[in-house]
Amino acid sequence: MTSTATLPPADTGAPATRRSSEVDNRAAYASFGLAYLLGHGAAAASHGDTPLLGLPEWLPPALLGAGLVSGIVLATMAALRAQRGAAAPEVLSGKLLGTAWIAAFTALALAITGLTSVLDAPELESVLWPAGSGIVVGLLYLAEGAVRRNVLHYGLGIWLALTSAAVLSLEAPGLYWSLAAAGGGAYALATVLEARRLRSLEGPAHT
1 MTSTATLPPA
11 DTGAPATRRS
21 SEVDNRAAYA
31 SFGLAYLLGH
41 GAAAASHGDT
51 PLLGLPEWLP
61 PALLGAGLVS
71 GIVLATMAAL
81 RAQRGAAAPE
91 VLSGKLLGTA
101 WIAAFTALAL
111 AITGLTSVLD
121 APELESVLWP
131 AGSGIVVGLL
141 YLAEGAVRRN
151 VLHYGLGIWL
161 ALTSAAVLSL
171 EAPGLYWSLA
181 AAGGGAYALA
191 TVLEARRLRS
201 LEGPAHT
C-alpha cells in the first residue's frame, strides 16, 4: 500500500500586503467631521436665549445636510475603489452595505416625518434629525467595521451611536454643542488614526 504525502504550499517569500478590499475612509471622515462642526456648530451658535450668531433657520441644517451627503458620496467612492479586483463575496458585501445606507436614512426620514405628524410637533425635526442621523451613521459604521474587520471604524460607530442617543436628554443649544464637540472631535481624531492604520497595513510591503 502506498500513501501520498500532502506538501505544504510553497513559500514564495513575498511579504503580506494590504488587502485589496481595504477602504480609505479619510476623505469621508473629514467631510462628516466638517458637517458636524459647521452644521451643529452653526445650530448651537444661533440657538438659546442669547444666541451668538443671528443665522437664518435653514442654514444650519443645510450645512449639516451638505456635509453628510458629501461624506456618503466620498464613502461610496472609496468603497467602489476598494472593490476593484476583489473577490465576488467581498463585492457583494460592499453592495449590501451601500444599500443599507439608503435604506437606513429612508427609514429615518419616514420615522421622523410620521412621529412629528402624529404628535403635531414639527419643531421636533430640529432635534430628531441631528441625533437620529448620528445614531444611524454609528450603527452603519458598526456593521461596516465588523464586515471589513476595521476596529477603528467599529469603535467610531460605537461612539457616534452612544453620544447621539445620549444628547437627546439635552435641550438646545447644549444638544448641538455636544454633537459638534463629540462628533466633530471624534471624526478629526479618526481621520488622523485612519492615516496611521493605512500606513501600518502598507508597511510590510516595503520590507
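Note that the UniProt record's numbering has the sequence shown beginning at 1, numbered continuously upward.
All residues carry an ideal CB built from backbone N, CA and C; glycine is no exception.
Next item on the list: Report yes or no: do three or more beta-carbon pairs, one from the segment 124-137 and one from the segment 154-169, lie closer than 8 Å?
Entry: yes
Next item on the list: On a CA-only basis, which of Tyr176, Trp177, Leu168 and Val151 is nearest Ala190? Give me that one, please.
Entry: The candidate whose alpha carbon is nearest that of Ala190 is Val151.
Checklist line | Cβ-Cβ distance between Leu156 and Ala186 below 9 Å | finding: yes
Item checked: Top-ranked residue by Cα proximity to Leu52, from Ala180, Leu38 and Ala42 -> Ala42
Next item on the list: Determine the direct distance from the alpha carbon of Gly54 to that of Arg148, and round the result to whole angstroms.
Entry: Answer to the nearest angstrom: the Cα atoms are 44 Å apart.
Checklist line | Whether Pro60 touches Ser70 by CB criterion (9 Å) | finding: no
Item checked: Own chain, CB closer than 6 Å to Gly33, minus 5 neighbours either side, in chain order -> Gly184, Tyr187 and Ala188
Check: With burial defined as no fewer than 16 other Cβ atoms inside 10 Å of the residue's Cβ, what is the status of Glu144: buried or exposed?
Finding: buried
Checklist line | Residues near Val136 in its chain [Cβ-Cβ closer than 7 Å; skip 5 each side] | finding: Ala104, Phe105 and Leu108
Check: Which residues in the same chain as Asp73 place their Cβ atom closer than 8 Å to its Cβ, once the five residues preceding and following it in sequence are excluded?
Finding: One point to set straight first is that residue 73 is Val, not Asp, in the sequence displayed. There are no such residues.
Notebook entry, point to check: Among His40, Ala111 and Asp120, which residue has its Cα nearest to the Cα of Glu57?
Noted result: The option with the nearest alpha carbon to Glu57 is His40.
Next item on the list: Whole angstroms is fine: what's the gap from Leu124's alpha carbon to Ala146's?
Entry: 33 Å
Notebook entry, point to check: Helix, strand or coil: which one does DSSP assign to Arg149?
Noted result: coil
Notebook entry, point to check: With a CB to CB cut of under 8 Å and the five nearest residues on each side skipped, what residues in its chain are close to Leu168?
Noted result: Val127, Ala131 and Leu175
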